[in-house]
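To start, the structure itself, in structure tokens.
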Amino acid sequence: MVIIDYYNKLDQKAKSQFIKDVIDITGIAYSTFFQKMKNNTFKKLEEEAIMNYIQKCQEDDRED
Numbered sequence: 027m028v029i030i031d032y033y034n035k036l037d038q039k040a041k042s043q044f045i046k047d048v049i050d051i052t053g054i055a056y057s058t059f060f061q062k063m064k065n066n067t068f069k070k071l072e073e074e075a076i077m078n079y080i081q082k083c084q085e086d087d088r089e090d
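Each position in the sequence shown, counted from 1, maps to that position plus 26 in our numbering.
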């Protein structure tokens, strides 16, 4: 799954939380997050960290 696809499936509240968490995980700035999201230019380690976060979120959703 591509990060933008996951993001687009979220409701507004979940999107806000996703942005906050990704910024915390990666250490990138808010504006940089949107630039990288738009252009799909996350560095390999950033992308791996985000994908791990997405996987954890999906696992948590299955448990609910």
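Beta carbons are placed, not taken as given, at the ideal position from N, Cα and C, and that holds for glycine.
Since we're looking at a predicted model, the values are computed, not measured.
| Asked | Found |
| --- | --- |
| Skipping 5 residues on each side, what residues in its chain have a beta carbon closer than 7 Å to that of Ala-75? | Ile-51, Thr-52 |
| Please name the residue, chosen from Lys-41, Phe-68, Ser-42, that lies closest to Ile-54 on a Cα-to-Cα basis. | Phe-68 |
| Along the chain, where does the alpha helix (DSSP H) that runs through Phe-60 open and close? | 56–65 |
| I'd like the list of long-range same chain contacts for Ile-49, defined as Cβ closer than 7 Å, with 5 residues on each side in sequence excluded. | Tyr-56, Phe-59 |
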